[in-house]
Amino acid sequence: MNPEKYIDGVRKTGFELEFKISSILQDNGWIVINNKYYIDDVKGAAREIDIVAYRAKETDECLIYTALLISCKKSKDKLWALLSKEKNTKDPNTNWHPIRMWSNDPILKYMIENWDWQNEYVNSDVNLFENIFNPSKHIFAFQEMSKTNGSPQNDTAIFNSVVSLMKSQWYETHLLDSRKREKSIYNFNLISVVDTDLLRIHFEKDRISCKEIDSEKFIANYIINKKETSARIHFSTSNSFSDTLQLLPDDQS
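FYI, the numbering for the sequence shown is 12 to 264, going by the numbering used here.
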């Protein structure tokens, strides 16, 4: 038996990437759960999220959790291109700074669901706003593109990453309703890690520009169980994941 050929075969999959990202999380004090499955509410089939990670801070009132839902994708021959334009910050139909929190504490739960707290929260700290919540551009589409000749190769892998993250967030919050007993509050963050090059192709009226990037924030809108929802997804290359992780402020962890 030649074990090297099997090792080389596994390296062509995304499992080495999942191990690398899980190791970075564990080295930074996160509890890691690999490969959770959910039943898709539309297709009725199993859908996988690669990594669920969390860490908690105990206070006198409750446990404060920061939760990360992470999708890992690898591509040898294709890069990921995020197509962007300038944001219309006055667009009433777009929530540029969506936050997903959950709590079983009656007072906190009421505040989360009924108070207008989100704007005050995201603007409470300049670094928090810029690093975590504020997308620099409006990402309106994405494409996988050939590294060889630049031809578009559809968006299947990127789309699947985004949908898996959004649906796993929905399922995780609903699972908490039935299983969590201690007084807790959760803050969810969605991260799509890709082991390939990441580009931003920016559209203006009279020109299109292209820039290689390490990370970008994307606001996704989706209907889950007949309810419209928005989510903030942080795209990150695998090489810059450690830097992306450090953007999370101490008061969230």
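Every residue, glycine too, gets a C-beta built ideally from N, C-alpha and C.
- Residue 91 carries a strand assignment under DSSP once its states are collapsed to helix, strand and coil.
- For residue 175, the CB contacts under 6 Å within the same chain, skipping 5 residues up- and downstream, are 58, 60, 82 in chain order.
- Counting only runs of at least 3 residues, the segment 132 to 166 fully encloses the following beta strand (DSSP E) elements, listed from N- to C-terminal order: 149 to 157.
- Rounded to whole angstroms, the gap between the alpha carbons of residue 23 and residue 121 is 48 Å.
- DSSP places residue 104 outside both helix and strand once states are collapsed to three, so it counts as coil.
- Distance between residue 256 and residue 108, taken at the CA atoms: about 19 Å.
- In this model, residue 70 and residue 43 are separated by some 22 Å (Cα to Cα).
- By the beta-carbon neighbour count (other beta carbons within 10 angstroms, threshold 16), residue 48 is exposed.
- Contact annotation: residue 224 and residue 209 have beta-carbon atoms nearer than 7 Å.
- In the structure shown, residue 181 adopts helical secondary structure according to DSSP, grouped into three states.
- Residues of the same chain with a CB within less than 6 Å of the CB of residue 214, apart from the 5 flanking positions on each side, are 96 in chain order.
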